[in-house]
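J.: Have a look at this one.
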Amino acid sequence: MAESTSRFFSGTHASGVLIANRWSSEKHAGGVRTAPVLTPNRQQVMRDSEILFMFTPTRTIFVLAILCVTCSPATAQITVSPSETTVYSQGATSVLLTFGNLGSRRPIESTWCGALVPATPDLGMKCDPAVIFGRLPVRYNQATLSGTNAYTDIMSVTPSVARRAYLDAARGSTATFFYVRRFVLTAGGPDEYVPVTLRLGGNGAAVPFSITNVRLLWDGGSRTVPFVKSGEALPRITAEIFYTGSGRLTGRWELVKPGETQPNQRDLLPEASLPAEERGTQRRFAQVKRFNIFLPPVGRTIIPGPDNRQIEKNSNGMYLLLFRIEAVSDGLNQSNLEAVNAGQGILNSGGASGFAMPTLRYYVGTGGAQVDEFNAIDYQLAPADNAEFGFTQQITFTWPPVSQAKYYRLTIENASGADIFSAVVLRDTQSYRAPSWLLQRSTTDQLRWRVVAIDSKGMKINETPIRTLRIAHE
Amino acid sequence: MAVRHEQVDPLYKSLGASAGADKRQYDFQLSGSIGEISVQAGHTRFNDNLRRIASILQSLSRGETFSVALPAAALWGGSSNTSKYLPRLSYSRSVMHQFGAEIPVNGGFATDLGAIPNQYSTSQNFSADWQFQKLNVGYNYNRSFTNNQARGRERFDFLNQTTGVRAGFNPTSRLNLNFELTRDSANDFGSVKLGRTWRIGPTVSWTLTKHMSWTAGLTNTIAGDRAQTSGSRNTEFDTQFSYRMGAERGGLKKVQWQLFIRYADRYARSRDIVFGTASLTRAQIFNGGINVTVF
């Protein structure tokens, strides 16, 4: 009986779904493990549910009939797809939801909670105020009205909500929790609450494929915003991606050139976060490279960016490198539009996220002036200018690294500009101990020195300012 | 040989590290090289739900990786005249099996056993690169197959293949020509849908003189599925001419100005019979300007 009740309600948000599922799962689990101890609130919810339904067909139909009577005659019941899904218990997960049969109702807020209570006198089941886990933050709210009388919502379960759900389960409650969206009638009337059931799991193949964080990096994060001369090589580009589930990451790198209109936040959303009619309408820019990479269910990957030589650097000004993600098929992150009366077919949303993708910025100009690694105060360039050394003292030169350098050349000249010493040092070394006879070679009381960074083509890419060494006569 | 053990407790959070919480992982790696040939093999196993909370799904994962990289000349070319035409080859293969340890109690899984994973994923990558004095050519092929064995989801398998060819030609230090062609195919067995994407992308960059440069790039991407229920075509063309002047010496060596003229044409068309959507966007952008750099 329980099985048939569960199937009967499948795909709707009516209160019977949750109760039937919960009852059914306990029956399945019976004899396998001891049922967890419920908190008083959760027990109360269960008791209410059991009293309300007791899973007899007569009573179920009776209650449904009452619910239908209280509905606005002009509005069908709002349904959602998917109506249940699994989420990562230790971090964020994003899932695209499609609500259908909106009629004249409009969406308001959404809430996560550990238990549901009847929303009477409103419709549906709403969150038990005693077990609220959180609300969808405004910055992650990418929801929009869409399609045929429908509403597309990106449910981004935040890490704090997942933590609370995990702790609740660790205390012995059921591991299911709920995402409830409230809809109101603008002309007045009862509100309608539509819950989605969420199960807890690890970050693996059971969880929908979604993007939870993206970091675009220059030289693995060692550079922030590069300033280069026209034609100079840019630092290496990588994208560090945190995700849930498993799937194919497909997309492209694009370039916004100086003077071009900047993309807006909606343009930077992954395509999977958009309803069907918005897909393919995001503004496009000059394409640099396409990528299509399989992501196994491990949660984190680093993918290489476009080849530095392929990225344009001819015009002076600010460039933006965009990371665009296309929607892919994922058996778990998809909405059945037909089932919720929101259109035809299945909307695949693998690779959805609740936030716009970050961009990578660089400037082309005279290069090096604004962010000059050699002159940045954080780095140690030694000895200090006008430092004094005796003939018996050791002199060690140190300088900061330059990312594109193949090797460094240290040159020392006397006050009249004549070279008296030079040394070549490989890229991984940023210090050089001068030979003991260095000062003895000088015919003047002062020496001048500098370090030049050379790239793989033998071109100078940066140099330190010239510093002076003074010779102390003991 | 390397052995690594990593355990991150449940609810662990750090601002400085990006470790996924509630996970125990073992890695075994074997690597070696003979001359220029390098080989790596590894085995990984990890699981989550360290506290074994009965209502939370516990997934177990087992993975194997293998990769080899070698210059073909090291195997076949020797020091013959033809050895310079032999490419540098690399191949990698990774297999992962992830499955649920058991049916969670009161976890909401009992009514949807298909939500408990049992998935094999295999990914293979092959690439060959030729490097000559003024020409470089590359080829790569990637194939991934997701074999879903979860109850009731046996049909929901995915096969993806990507093939790419690229070439770069630098006849002089001032002229740079690039060409790229890629073909992606995505076979969704569950939805019985085979989608393909073709992309062609030539670019040219020419520094005519010390002051003048010209660039142009075209990208054409065509996508569609075999049943012809959806399709799209995106074409982006950009060309730009720039002229740069500056003092280039003395105290004002960083003061310079640059005149540029740019034309861009963006064409995007997509249609989907199932969703009943169609869109056409066409934008032609012509802009020019002067950049002045003072310091």
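Listed in order, the protein sequences are those of chains A and B. Going by our numbering, the first residue of the first sequence is number 1, and it counts up by one from there. Going by our numbering, the first residue of the second sequence is number 1001, and it counts up by one from there. We put the beta carbon where it would ideally sit given N, CA and C, even for glycine.
(1) Quick one: give me the first and last residue of the alpha helix (DSSP H) that ARG164(A) is part of.
(2) Output needed in chain order: residues of the stretch 234-251 of chain A with a Cβ under 9 Å from some Cβ in chain B.
(3) Using the C-alpha atoms, what's the distance from ARG1174(B) back to ALA352(A)?
(4) Within 10 angstroms of its Cβ, does SER1031(B) collect 16 or more other Cβ (buried), or is it exposed?
(5) Would ASN316(A) and GLY365(A) qualify as a contact pair, given that the criterion is a beta-carbon distance under 8 Å?
(6) Quick one: is LYS460(A) buried, meaning 16 or more other Cβ sit within 10 Å of its Cβ, or exposed?
(7) Please list the partners that PHE1260(B) has in chain A, where partner means a Cβ-to-Cβ separation under 7 Å.
(8) Distance check for LEU1089(B) and SER1061(B), CA to CA, integer angstroms please.
(9) Any Cβ of chain B within less than 8 Å of the Cβ of THR98(A)?
(10) Check the Cβ-Cβ distances between SER500(A) and every residue of chain B, and say whether any is below 8 Å.
(11) Counting only Cβ pairs nearer than 7 Å, list the residues of chain B close to ARG284(A).
(12) In terms of residues, what are the limits of the beta strand (DSSP E) holding ARG248(A)?
(13) State the CB to CB distance for the pair THR1203(B) and GLY1190(B), rounded to an integer number of angstroms; the pair is presumed to be in contact (CB under 8 Å).
(14) Compare the C-beta of ASN149(A) against all C-beta atoms of chain B and say whether one is closer than 8 Å.
(15) Alpha carbon to alpha carbon, how far is PRO82(A) from ALA1069(B)?
(16) Could you work out which residue in LEU1057(B), ASP1265(B), TYR1026(B), ASP1188(B) is closest to ALA1146(B) when comparing CA atoms only?
(17) Using the Cα positions of ILE302(A) and GLU240(A), report the straight-line distance between them to the nearest angstrom.
(18) Any C-beta of chain A sitting closer than 8 Å to the C-beta of VAL1274(B)?
(19) Fully enclosed by the stretch 1007-1091 of chain B, which beta strand (DSSP E) runs are 3 residues long or longer?
(20) What in chain B is Cβ-close to GLN404(A), meaning under 7 Å?
(21) Nearest-angstrom Cα distance between GLY1011(B) and GLN90(A)?
(22) Run down chain B in chain order and give the residues with a C-beta less than 9 Å from the C-beta of SER436(A).
(23) Please return the same chain residues whose Cβ sits closer than 7 Å to the Cβ of PHE1275(B), not counting the five positions on each side in sequence.
(24) Secondary structure at LEU1159(B), three-state DSSP: helix, strand or coil?
(25) To the nearest angstrom, how far is it from the Cα of LEU320(A) to the Cα of LEU360(A)?
(26) Name, please, each residue of chain A whose Cβ falls closer than 8 Å to the Cβ of ASP1002(B).
(27) Just to confirm my understanding: we take HIS1005(B), look at its own chain, exclude 5 residues before and 5 after, and list those with CB closer than 6 Å. What are they?
(28) Could you tell me whether the stretch 247-259 of chain A touches the stretch 284-296 of chain A, using the rule of 3 or more Cβ pairs below 8 Å?
(29) Can you list, in chain order, the residues of its chain with a C-beta nearer than 7 Å to that of ARG1051(B)? Leave out the 5 residues immediately preceding and following it.
(30) Establish whether the CB of ALA1128(B) and some CB of chain A are separated by less than 8 Å.
(31) Taking three-plus beta-carbon pairs below 8 Å as touching, is the stretch 135-142 of chain A in contact with the stretch 187-198 of chain A?
(32) Express the C-alpha separation of PHE323(A) and ALA387(A) in angstroms, rounding to a whole number.
(33) Within its chain, find whatever has a CB closer than 6 Å to the CB of GLY299(A); leave out the 5 residues flanking it on each side and keep chain order.
(34) Run through the DSSP bridge pairs and tell me what GLN142(A) is partnered with.
(35) Measuring only between beta-carbons, confirm whether ASP1188(B) sits less than 8 Å from chain A.
(36) Answer with buried or exposed for ASN101(A), where buried requires no fewer than 16 other C-beta atoms within 10 angstroms of its C-beta.
T.: By the coordinates alone:
(1) Here residue 164(A) refers to the residue found at position 164 when the first sequence is read from its first residue. Here the alpha helix (DSSP H) through ARG164(A) covers 159-170.
(2) Those would be GLU240, PHE242, SER246, GLY247, ARG248, THR250, in chain order.
(3) Along the first sequence, read from residue 1 onward, the residue named residue 352(A) stands at position 352. Along the second sequence, read from residue 1 onward, the residue named residue 1174(B) stands at position 174. Roughly 42 Å between the two C-alpha positions.
(4) Within the second sequence, numbered from 1, the residue matching residue 1031(B) stands at position 31. Exposed: under 16 other Cβ atoms inside 10 Å.
(5) Sequence index remark: in the first sequence, residue 316(A) carries index 316 (1-based). Sequence index remark: in the first sequence, residue 365(A) carries index 365 (1-based). Against a cut-off of 8 Å, the Cβ pair of GLY365(A) and ASN316(A) comes out as a contact.
(6) Locating residue 460(A) in the first sequence gives position 460, where the first residue counts as 1. Residue environment for LYS460(A): exposed (fewer than 16 other C-beta atoms within 10 angstroms of its C-beta).
(7) Here the question's residue 1260(B) lines up with position 260 in the second sequence. In chain order: SER315.
(8) The residue you call residue 1061(B) lines up with position 61 of the second sequence. The residue you call residue 1089(B) lines up with position 89 of the second sequence. LEU1089(B) has its alpha-carbon roughly 30 Å from the corresponding atom of SER1061(B).
(9) The count along the first sequence starts at 1 and reaches residue 98(A) at position 98. No Cβ of chain B is located within less than 8 Å of the beta carbon of THR98(A).
(10) Chain A is shown only over 1 to 474; residue 500(A) falls outside these bounds and no answer can be derived.
(11) Residue 284(A) sits at position 284 when you count from the first residue of the first sequence. Under the 7 Å cutoff, chain B gives ASN1234, GLU1236, ARG1266, ALA1268.
(12) Within the first sequence, residue 248(A) is the residue found at index 248, counting from 1. Its beta strand (DSSP E) spans residues 247-256.
(13) What you label residue 1203(B) is simply residue 203 of the second sequence in a count that begins at 1. What you label residue 1190(B) is simply residue 190 of the second sequence in a count that begins at 1. Rounded, the Cβ-Cβ distance is 38 Å, inconsistent with contact.
(14) Residue numbering aside, residue 149(A) sits at position 149 when the first sequence is read from its first letter. Any Cβ of chain B closer than 8 Å to the Cβ of ASN149(A) would place that residue at the interface, and such an atom is absent.
(15) Position 82 of the first sequence, counting from 1, holds the residue named residue 82(A). Position 69 of the second sequence, counting from 1, holds the residue named residue 1069(B). Distance between the alpha carbons of PRO82(A) and ALA1069(B): 44 Å.
(16) Within the second sequence, numbered from 1, the residue matching residue 1146(B) stands at position 146. The sequence given here places Thr at residue 1146(B); Ala does not occur at that position. For the residues LEU1057(B), ASP1265(B), TYR1026(B), ASP1188(B), the minimum Cα distance to THR1146(B) belongs to ASP1188(B).
(17) Taking the first residue of the first sequence as 1, we reach residue 302(A) at position 302. Taking the first residue of the first sequence as 1, we reach residue 240(A) at position 240. Cα to Cα, the separation comes out at about 4 Å.
(18) Sequence index remark: in the second sequence, residue 1274(B) carries index 274 (1-based). By the rule that beta-carbons nearer than 8 Å mark a contact, VAL1274(B) touches chain A.
(19) DSSP assignment within the stretch 1007-1091 of chain B yields the following whole beta strand (DSSP E) runs of 3 residues or more, N-terminal first: 1023-1034, 1037-1048, 1059-1071.
(20) By 1-based counting over the first sequence, the position of residue 404(A) is 404. Result: empty, since nearest Cβ-Cβ is about 18 Å, beyond 7 Å.
(21) Here residue 1011(B) refers to the residue found at position 11 of the second sequence. Here residue 90(A) refers to the residue found at position 90 of the first sequence. The question names Gly, but residue 1011(B) in the sequence shown is Leu. Distance between the alpha carbons of LEU1011(B) and GLN90(A) is about 6 Å.
(22) The sequence position of residue 436(A) within the first sequence is 436, counting from 1. Residues of chain B passing the Cβ test: none, with the nearest at roughly 38 Å.
(23) Residue 1275(B) sits at position 275 when you count from the first residue of the second sequence. Excluding the 5 residues flanking it on each side, PHE1275(B) has no same chain C-beta neighbour closer than 7 Å.
(24) Taking the second sequence and counting its residues from 1, one reaches residue 1159(B) at position 159. Here LEU1159(B) sits in strand by DSSP.
(25) For this step, residue 320(A) is matched to residue 320 along the first sequence. For this step, residue 360(A) is matched to residue 360 along the first sequence. Distance between the alpha carbons of LEU320(A) and LEU360(A) is about 6 Å.
(26) By one-based count along the second sequence, residue 1002(B) stands at place 2. Correcting the residue identity first, residue 1002(B) is Ala in this sequence and not Asp. Within 8 Å Cβ-Cβ: nothing; ALA1002(B) doesn't reach chain A, min ~18 Å.
(27) Within the second sequence, numbered from 1, the residue matching residue 1005(B) stands at position 5. So the list reads TYR1026, once near-sequence residues are dropped.
(28) Touching, yes.
(29) Here the question's residue 1051(B) lines up with position 51 in the second sequence. Scanning its chain for C-beta atoms nearer than 7 Å, with the 5 sequence neighbours on each side dropped, one finds around ARG1051(B) the residues PRO1010, in chain order.
(30) Walking along the second sequence from the start, residue 1128(B) turns up at place 128. Using beta-carbon distances, ALA1128(B) does not count as an interface residue toward chain A, since no partner is under 8 Å.
(31) The answer is no - the stretch 187-198 of chain A does not touch the stretch 135-142 of chain A, with fewer than three Cβ pairs under 8 Å.
(32) For this step, residue 387(A) is matched to residue 387 along the first sequence. For this step, residue 323(A) is matched to residue 323 along the first sequence. Our two residues, ALA387(A) and PHE323(A), have alpha carbons roughly 48 Å apart in a direct line.
(33) Position 299 of the first sequence, counted from the first residue, corresponds to residue 299(A). The beta carbon of GLY299(A) sits closer than 6 Å to the beta carbons of ASN203 from its chain, once the five residues preceding and following it are set aside; these are given in chain order.
(34) In the first sequence, counting from the first residue as 1, residue 142(A) sits at position 142. Looking at the DSSP assignment, GLN142(A) forms no beta bridge with any residue, so it has no partner.
(35) Stepping through the second sequence from its first residue, residue 1188(B) is reached at position 188. Yes - at least one Cβ of chain A is within 8 Å of the one on ASP1188(B).
(36) Translated into the one-based positions of the first sequence, residue 101(A) becomes position 101. So ASN101(A) ends up on the buried side.
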